[in-house]
Each structure stands twice: as structure tokens, then as C-alpha cells.
Amino acid sequence: MAVVVNPGLDRSEHGPGIDIFTPGKPGDYELDGGIWEDEDARNFYENLVDLKAFVPAILFKDNEKSSQNKDKDESKEVKEGREGKDVSCTEELELELEALDIADDTMELEAADEAENEELAKKLLDEQEQEDEETSTGSHLKLIVDAFIQQLPNCVNRDLIDKAAMDFCMNMNTKSNRRKLVRALFTVPRQRLDLLPFYSRLVATLHPCMSDVAEDLCSMLKGDFRFHVRKKDQINIETKNKTVRFIGELAKFKMFSKTDTLHCLKMLLSDFSHHHIEMACTLLETCGRFLFRSPESHLRTSVLLEQMMRKKQAQHLDARYVTMVENAYYYCNPPPMEKTVRKKRPPLQEYIRKLLYKDLSKVTTEKVLRQMRKLPWHEADLKSYLICCMVNIWNVKYNSIHCVANLLAGLVAYQEDVGIHVVDGVLEDIRLGMEVNQPKFNQRRISSAKFLGELYNYRMVESAVIFRTLFSFISFGVNQDGSPSPLDPPEHLFRIRLVCTLLDTCGQYFDRGSSKKKLDCFLIYFQRYIWWKKSLDVWTKDHQFPIDIDYMISDTLDLLRPKMHLCCSLEEACHQGLTYFQQWIREFAQAQTRVMYLHWGFATEKDGNCSSSVGEGEALDEEEDEDDDERGAETEEQSGNESEMNEPEEEEASENEEEERDEEEENTDYLTDSNKENETDEENNEVMIRGGGLKHVACAEDDDFIQALDKMMLENLQQRSGEAVKVHQLDVAIPLHLKSQLKKGSAPACAGEADDDIDTMQFVMLTRKGNKQQFKILNVPLSSHLAANHFNQQQAEQEERMRMKKLTLDINERQEQEDYQEMMQSLAQRPAPANTNRERRPRYQHPKGAPNADLIFKTGGRGNVMLDLCHAGTA
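FYI, in the UniProt record's numbering the residues of the sequence shown are 1 to 875.
Structure, rendered in C-alpha cells:
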């Protein structure tokens, strides 16, 4: 049987988005979520500590007697009610909800208040008597109770509040202490709403052993609620919300009856205005879901919710109240949601997504790479899916994008085509983002730009690709004449963010060579693009240019070029760009002219500038290649440090290889960086010889240079004149690998070995680059002052060494002769030892082998003995 809901109201009053809920019988509905929001909430409100299992029964004996008497009274009331009432539940619900008589409610409230006041007066008298008894008997217990009540606000988790309940039941279970506890729970501060669930759990835990705590607290909350409703003032909203929220928490623990809770909601709906709206919404947000999904209270709660929504439509409420009412309603009765169907993928694809999107991190890069190498790469579908997952870099965490680039750099050594396809996919996605230009793809575009920069850091793309992408950000689809473009509208500044993201990722490596010049050129045009955006009519005083974009631009430029001159207007940016373009055209023309002169084999007076430009171009190309090598080595070392492999032997081997490679790179760096001018000068000298010679032509620039050099030298001399010069007399040891090179090469001329062909002398020059030492072998002509002095010094030192060597050898030889003479004299002066056994015949011993004729016939034996004695004497 359905409930009749005010036939005077039409369905259209509810609005198009709200359906009238027509409840059926209890238990006929099914809700997916259940009563509680999650499993933790269910455990908190249902799994309580059983104090009867831990506390002796003698401590709550009085409570059992009172509960038995109450059960008898309740059973009598139920029997009388069954005999006197034959009306069904649905009819009672209809009678209660057809109309709300406010006058009857007020009369009931006044009668109930009078009864409650009488009860409270009796309780106060009993409390005074009990306190008088305690003052005479248990002052120590009073101190314990006071300390317990003071520690209650610190019980902010389930374990602490359960421990407090057991402690109170074991040590403080008296009537007056229970009333003190109720008073302390009721007077919880209005700001501490977080304590209400734990206090309610404390009451529910104590209820089996002391039911009067819950009864007294509920009666006090009812009285306070009725007081606020009857007063109808617009103050103390925090206290009102605290009372209503406390009622809701007790209702979820079934300490506050559902009927009384719904009656409170009904009273608030009867005067649905001002603070009553906030109180009703707070009550529904606290226990509305519990009441709506409980079978006993579902019918009444649903009807009251529909009534609240009708009042919201009928009354012209403030927007804040409308939002509160809708939030409370949809929290209790959420609209049906379509379940998202998860896409089913093969197990291998799910494993690839798990490796890339979940497992890949700074520490697990090597481990993921090993797993990737084990995949069946012969399957084309699997390879294409892996490439697609890497291109879709926006599915990876932003801080882990560099890990994907590191993984791809390690994977290219085994699967070369994977890197090509991934780079092509990233570039295509960046171009697609500029063509589509929808805000929903902004995060995707940022991730792709950062991924491209990380690919450059791990040597997967060249610098030309980066600069081509940067220039496309500020030129693709941009109408410089001021007309609006759909690809880059005037109010869109996202391309500036893309440029800053890409430069922040890899811009720090463009600090030398031709890449530095390219970046300087781009930054000039980038400033022109920024000022062109700022000069558009879209930005006014009311709608100014975003300050966060200015901060982002300044941070990027300070990181890359801290000493760069920043333009202050569009005209200055255009003038700077034009100047740079003209300078570039001039240098290009000089380089082309120089190439033509070299090709035809003759020179003019203007070849000096051309040759310098050509030399600079070649040096810049070489520097760019070396920069790429050094940057790649640095990124490989970084990736090796980030992977943190757990194989010590491989780590030691890789470290040794890296040290050897670093030494080689240092030597080559020294040759390429510090002596580029010498090399270019040597090349120019060779060109001069072939072309017939170049004549130096004096110009104004030479005079300026000489004046500046003299001024600098004079200042340096004046500055160093007062300093004490310390001459280091110590020689630095030459490394072994350089000694081998010196031995293989032409040795310096020594005394007695000077040839006409050997006219140079080798020096080893020590320099420092960073924290590492670098060595350079220099061939200096003997005609120079430095080589001549050093050669003379070497000859003098060699002659001194030969003289000392001869003296030492003579001393050793003379010492040996003296030692030999002393030994011979001592042997001559020593007397010969006397042999006391000379006349004694030796005892005969039977020979074991063949007989010895000399011993038998005594021939030659004495002569041999004398020979042995002579040998012993000489020794």
C-alpha cells in the first residue's frame, strides 16, 4: 500500500530533476551502498567492546536490576498497545505525515518540558545528596574522576576511547560519577565537533553496564534541542549544530531512538527557515544515510526528505541554503549512477601498463628495463601497443616522465625502431595539440613537451628538433598582423607555458657552441612574441595580463640567461630581433665569401674577417658535437646514478670505464676548448702559405684593442705590485700515460746528442677544468728563451748527476777494496786449527754396497783427507 502524499501538490512543483519517491513496504527496496559508507565506518559504529566480558558482574549489579524492571514495564506497555490498537503501520504513517499541526507540537513541547524540568529538579537534588556523601567518604576518588574528565578531550581514536570506557567502568562506576560523566559529555566545546563520534562510542560502550548514562545524555540533548527550537532566535548556530550533530551520532549508535530523531527532523521542517535549515541539513548529513537505509525508518525518512525538497521549491531560499539542502538530500538519497565499464585487456597488455604506469620510478628503472627486454618483441601488435603506451606519456606521473625517457634510452640499444616510433609519436602529438587547441588537452600537451625535453637529455633527439619545436610554438598559426587566429587566440597564453616547460627541462644544456647562439636567437624572438601578446586589446586595466605568466617567464630566463637584457616593450623587442637578423646575414655572407676564396685559391685584404668567420663556424660545429657528447655522457652518468643497480661488480667495472672515458674526454676537451684559437690560427697560416701570403692592414679596431690591452695590463701590474710573489720550486710529477707518449715522441736534445733535425722541446702543461686536472703536450722551439733556459738547466742537472754518480761509484769501489784487504789480513794472522783425532784410526764400518778398494788397501784415503783439510782452511 503506497503512502498518499498531499494530493494538493502537483508533480511539476518538484522540478524536472526531482522524482517523487513512493515508498513501498519495509524491506521491499534494495540499495547498493548499504547503511554505512565503508567498512571502517561499519566497524566503528557496530564493533564495540563487550565490557561484561572484562568487568566483574558486581560492578554493574545495580544496572541489571534496573534494566530488568524497565524490560517488564516495556513488555506491559507493548501488550496494552497491541490490545488497544488495531491500526496498521502504514495507516499510522499516513496519519502522522498528512499534516503538521504546529500548535499541537507546541503544546506537546510545553508538557514535555514541564515533565523534564521536574525530573531534572529531582536529579539535581539526588546529585547534591550524592556529592555530600562523596565529600565525606571518597575525596581520592573525586580527584581520579576529575583527572579522567580532563583527559577525555584527548581520546581522539577508537583505542583510547575504548580504554577510557573500561577504565571508568572498573574504577569509577558510581551514580554521582556517572552524572559527572554525562555533564562532561554534554558540555563538550562547540568547536570540538571531532569529539562527538568518540563520545557517542563511549556512551554506547558503557550502555550494557550503565544504561542511565545514555538515558540522561539523550534527555539533556532533547531538552536543549527543544529549547533552541522554541526560542527561534538567530544566534548560537555553532551550539545548535553541535546539539544536532551529537543527536545524529548517538542515533547511529542506536542510543538515540530513530523515532525521536525523525521527530526532531519533523520539528525543524515545520518551521523551515534560517537556522532551522542549517540544523536540518546538519542532522541529515550526520545520520540521514543511516535513517534512509535502515528498514525501520526508511519510509518516514523518505517522506520527510521529499517534504524538505518541496519546501525548498516553494520557498525562495538563499543560494547558500539551496546548496545545503541539495547536498543533504543527495547525501541521503544519491541519484543512480551508471557503472563505468572497465575495458578488458589481454594479460600482457595489463602487465605492460603496470610496469610503465605503476612500477616505474627512479629506483626501479633498471628492473623495469630487464622486464621489458623479456617481452616477445617479435609480435607486432605487442610492440605497437608498447610504443602507444610510451607516446601516451600523460598517463605517467609528471615527476616520473624522465624515468620513461631513461627507460627508452636503455631499450633503444636492443630495439632501435622503438625509439624512432616514440619520438615521431611525441612530435605528432605536439603538432596535433597546436592544431586542435582545446583546453581539455592542456595537461596532455604539457606532458608531451616535458617528455620531448627529457628525450633530448637522454640523447634520443638532436638540438635541431628542439629548436624547430620551440619556433613552431611561437609561429605556427600566429597572425602577426593582429587578426585573430583560431589556432592561437589572443587570450590564449598556453604556448608560452609550453615554451617555458621545454626550456626548463633541457635549456640548461644550450650553454656553449652553436646551440648557445641558437638559444639566444630564439629568446629574442620569444620576447617579441610575449610582448606582441601583451600589446593586444584583450588585456585592459580590469582584465590584466596574468601575473603568474610573468613570473614563469622571468624564472625561465633567469635560469638560462641571468645576464640577458630583457626587452621592455614591443618596439624594443622588434628592433633587437631586426638587429640580430642583420648581424646574422652579415656573418653568413662573410662565411660564404671566405669559402669561395678558399675554393679558388687566392686571397684579398678582406680575407682576414672571412677567415675568422669560417674558423668560428668550424669551431662552433666542433663545439656543438663535443657539447652533445659531453651532455650525453653526463646524462648517462645521471641515469646510471638514478637506476642504482644492485650488482657491485658491474658497478665497479662501469665506474672504471667511466673514469677512463672521463680522462679521455678531459684531454680532448682541453684540446678542443682551450686551443681552438691556436688551431684556427694554424689553419689560417697554412691557408696563407698556399694563397701566397696575407698582409696585415691596420684599422681602428686594432688601435682600440691595443689601448684596451695596455690599460688592462697596467691595472693588473698596479694591482699585483703590492703582492708578495711566491715562486714554487716544486716540480709536478708527470702522469704515466703522458711519460709513455713522451718516450714514443721526439725526446729533448741532451748533451752530446744534439742534432740539427731536433729543433723543438716537449713541455707538459697542467691546467684545471672544474675539479679535474688536464695535461697538454706542447712542442716549443729551442730558439725560444723558455726552451733554451730549460735545456741548459737540464744539461747542468745531468752533468751534476753524472758527477755525483761517478763520486758514488768511486767511494763504493774503494770501500770494497778496503774490506777485502782487511779480510785477507785476518785470515793470514789466524793460526791453523789442531786436529786431535789425526792419529786415531777410524772404526771399521762394513760397507753396504760394493767394496771400496781404497779403504781396504788404504791407498789414497789419507791424501783425500788432507785435501779436504786444505780446502777447509782456505775457506
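Ideal placement from N, C-alpha and C gives every residue a C-beta, glycine not left out.
- Note that the C-beta distance between A204 and L51 is not below 8 angstroms.
- Assignment of beta-bridge partners to L714 by DSSP yields no partner.
- For L560 against Q508, the beta-carbon gap comes to about 7 angstroms, under 8 angstroms, which counts as contact.
- Assignment of beta-bridge partners to P781 by DSSP yields T760.
- In the DSSP assignment, C209 falls outside any alpha helix (DSSP H) and carries neither an H nor an E.
- Cβ neighbours of P153 within its own chain (closer than 7 angstroms, five residues either side excluded): R192 and L195.
- Remark: C-beta atoms of V404 and L452 do not approach each other more closely than 8 angstroms.
- For N442, the uninterrupted alpha helix (DSSP H) segment begins and ends at N442 to N457.
- Rounded to whole angstroms, the Cβ separation of M564 and L503 is 13 angstroms, and the two are not in contact under 8 angstroms.
- Of the residues assessed, H737 falls on the exposed side of the cut-off, its CB having fewer than 16 other CB atoms within 10 angstroms.
- If you ignore the 5 residues before and after I466, its C-beta comes within less than 6 angstroms of the C-beta of Y456, all in its own chain and listed in chain order.
- From the listed residues A251, R201, H276 and C264, the smallest Cα separation to D233 is found for H276.
- The continuous alpha helix (DSSP H) containing G425 extends over residues E416 to V436.
- Ranked by Cα distance from F494, the first of V213, M552, R720 and L778 is M552.
- Distances from the CA of K516 to each of S463, P208 and V325 were compared; the closest alpha carbon is that of S463.
- With a beta-carbon spacing of about 11 angstroms, I446 and T505 fall beyond the 8 angstroms limit used to define contacts.
- Cβ contact annotation for P197 (same chain, cutoff 8 angstroms, sequence separation greater than five): F44 and E249, in chain order.
- In the DSSP assignment, F290 falls within the alpha helix (DSSP H) that extends over H275 to R293.
- Here F253 is not near L221, since their CB atoms are 8 angstroms or more apart.
- DSSP places L487 outside any alpha helix (DSSP H), giving it a letter other than H or E.
- When Q443, E428 and P484 are compared, the shortest CA-CA separation from S472 is found for E428.
- Put simply, the backbone Cα of K142 is about 27 angstroms away from that of M255.
- Collapsing the DSSP output to three states places Q795 in a helix.
- In the structure shown, L536 falls within a coil segment according to DSSP collapsed to helix, strand and coil.
- Taking C-alpha positions only, N333 is separated from M308 by approximately 13 angstroms.
- Scanning its chain for C-beta atoms nearer than 6 angstroms, with the 5 sequence neighbours on each side dropped, one finds around F545 the residues K534 and W539, in chain order.
- In summary, Y820 is exposed, with fewer than 16 beta-carbon neighbours lying within 10 Å of its beta-carbon over all protein chains present.
- In the three-state scheme derived from DSSP, where H, G and I count as helix and E and B as strand, F168 is classed as helix.
- T301 is a Cβ neighbour of L262, given a cutoff of 8 angstroms.
- Using a Cβ distance threshold of 8 angstroms, L160 and L185 do not count as a contacting pair.
- Non-local C-beta neighbours of V461 in its own chain, meaning closer than 8 angstroms and more than five positions away in sequence, comprise V423, L452 and L455, ordered along the chain.
- C-alpha of Q817 to C-alpha of L807: approximately 16 angstroms in a straight line.
- The beta carbon of V368 is closer than 7 angstroms to those of L355, D359, L360 and L407 in its chain, skipping five residues each way along the sequence.
- Remark: C-beta atoms of M279 and K240 approach each other more closely than 8 angstroms.
- In this structure, K450 places its C-beta atom within 8 angstroms of the C-beta atom of I401.
- No Cβ-Cβ contact shorter than 8 angstroms links C169 with L202.
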